[in-house]
Amino acid sequence: MKLNKSKKDHELYYYFNSKNEKLWCYRHKYYDSLGIRKEKKKQNFKSETEAYRELLKIRTSTLDGEIVKVQNNNLTVAEWLDIWFETHKNEWKPTSQLQRQNAIKYQMKPMLGKYKLNELDKTTYKRVYINVLMQNYKPSTVQLFHRLFKVAINAAVDNELIPRNRFNKINIENEEKKDNFYTAAELNVFLKSAKELENITNYSLIVLLSFTGLRKGEALGLTWKDINFEDKTLTVRRTRDNKGVRSPKTKRSYRTILINEELISQLKLYRTWCKEAKLSFGKKLNKDDYIFISYQSGLPLTENTIMYSMRRISKETNLKTISPHGLRHTHATILISQRIPVKVIADRLGNTPQMILDIYGHSFKDLEEESVIAFDQALKQIGAGFGAGL
């Protein structure tokens, strides 16, 4: 293919394709950060003006010192996802690593991989990714895939491969019923039934989750050293599940919270049972032992046990079935209903205040409606006095 120089710029050229159509291209020479001479080129522009405009963008990027962006101008989404995963995978916890690896393999790459990282626009993203996902997954799952992709794109922005994240303001409506929690009255029925139906280990774990709002893994990771019976506090230092023991989910998840007398009494009673159970297996209870153990083996409780226990209870009581994480939501919504400040709830759950507002926005909306009614009623109570005086 013969290139002919343009009179407009020495890095602009025109040529004729196999159909004898006149097309334009640019070939921009520059030096990378190591002083090595490189060339950035692109063709198939239909007009000289279009080619010149793109050349100016590349030239400006080079002059501004954005060498990395110029070098990676042809980087595809698939290529970047591979780089991102390999670079950061060791920084993520095993569950997060597996979650992101699967999302890349089964959703992101098949749908978005062929597009150039710097050219993928919001309309295309919604059309080929979000809309397709909405046809096959629940809105909450689509929200997860969208959130994971934004994390990958934010990393590209941090690496100066692209100037900004175009997808931050895309909102996915989730109209799923948010009822993975009990009211205070329902929880009371649930706990009474749990005490009657379940063994002491299952019941003690359910009480702890209900009264503290801990995540299931945080509760399973507790040792007796983490309970201060004198100060009535509980400290979260780790999380444990079927994949092993690791640090808590976030820095805020490391926390010490107050616990009430009822939970203290139940834990003392359970500790006595644990001592007897351990002895029956020829072992002694130590402060470093995990609190929740199997009555069948004396070994640390597995994460699935509590789920089966809660299903049995909900079936017996005719209550809706919620997950163990639903007890965390139950704890939060009850605190919100009692007008406990957002920061206090956030500190107790190991979240940020903004996360509490985002997750439990519907509960705060209910309180707002109540406050309007209360304000209106307060004015009406003294309204007669105002009227009499006028």
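Numbering-wise (the working numbering), the sequence shown opens with residue -18 and increments by one.
Even for Gly, the Cβ is constructed at its ideal location relative to N, Cα and C.
| Check | Outcome |
| --- | --- |
| Looking only at its chain, what residues have a beta carbon closer than 6 Å to the beta carbon of GLU100, apart from the 5 residues adjacent to it on each side? | none |
| I'd like to confirm something about LYS90: is its beta-carbon nearer than 8 Å to some heavy atom of the ligand MG, or not? | Ligands are entirely absent from the displayed structure, and the ligand MG is therefore not among its contents. |
| What runs of the alpha helix (DSSP H), each 4 residues or longer, lie entirely inside the stretch -14 to 23? | none |
| Give me the Cβ distance between PRO305 and MET291, rounded to the nearest whole Å; I'm assuming they're in contact under 8 Å. | 6 Å |
| I need the DSSP call for GLY202, collapsed to helix, strand or coil. | coil |
| In whole angstroms, give me the CA-to-CA distance for HIS9 and TRP61. | 23 Å |
| For GLY307, report the span of its alpha helix (DSSP H) as first-last. | 305 to 318 |
| Shortest alpha-carbon distance to ILE181 belongs to which of LYS230, HIS127 and ILE287? | ILE287 |
| When the Cα of SER372 is compared with those of SER295, GLN335, LEU316 and LEU4, which residue comes out closest? | Because the chain spans -18 through 371 in this model, residue 372 falls outside it and cannot be assessed. |
| By DSSP, does PHE148 sit in helix, in strand, or in coil? | coil |
| Please say whether GLY331 and PRO229 have beta carbons closer to each other than 9 Å? | yes |
| Would you mind stating whether TYR106 and ARG147 have Cβ atoms separated by less than 9 Å? | yes |
| Classify GLU(-8): buried if its beta carbon has 16 or more other beta carbons within 10 angstroms, exposed otherwise. | buried |
| Compare the Cα-Cα distances from ALA327 to each of THR214, GLU167, LEU195 and ALA359 and report the closest residue. | LEU195 |
| Beta-carbon within less than 7 Å of ARG329's beta-carbon, same chain only, minus the 5 sequence neighbours each way: which residues are those? | GLY194 and ILE238 |
| My understanding is that THR418 touches ILE274, with C-beta atoms under 8 Å, so please give their C-beta distance in whole angstroms. | With the chain represented from -18 up to 371, any question about residue 418 goes unanswered, as that position is not in the structure. |
| Put LYS271 into one of helix, strand or coil per three-state DSSP. | For clarity, residue 271 is Tyr in the given sequence; the question names Lys instead. Residue state, collapsed to three classes: strand. |
| Taking three-plus beta-carbon pairs below 8 Å as touching, is the stretch 332 to 341 in contact with the stretch 201 to 220? | no |
| Excluding five sequence neighbours on each side, which residues of the same chain lie with their C-beta closer than 7 Å to the C-beta of PHE126? | ALA84, GLN88 and LEU114 |
| DSSP state of THR298, grouped into three classes? | helix |
| Relative to the alpha-carbon of LYS176, which residue among HIS310, GLN319, GLU20 and ARG293 has its alpha-carbon at the smallest distance? | ARG293 |
| Mark LEU371 as exposed unless 16 or more other C-beta atoms lie within 10 angstroms of its C-beta, in which case mark it buried. | Here LEU371 scores only 41 on pLDDT, less than 50, and its place in the model is too uncertain to base an answer on. |
| Spatial neighbours of ASN55 within its chain, please: C-beta separation below 7 Å, excluding the five flanking residues on both sides. | LYS97 |
| Answer with buried or exposed for ASP420, where buried requires no fewer than 16 other C-beta atoms within 10 angstroms of its C-beta. | Residue coverage of the chain in this structure runs from -18 to 371, which leaves residue 420 outside it and unanswerable. |
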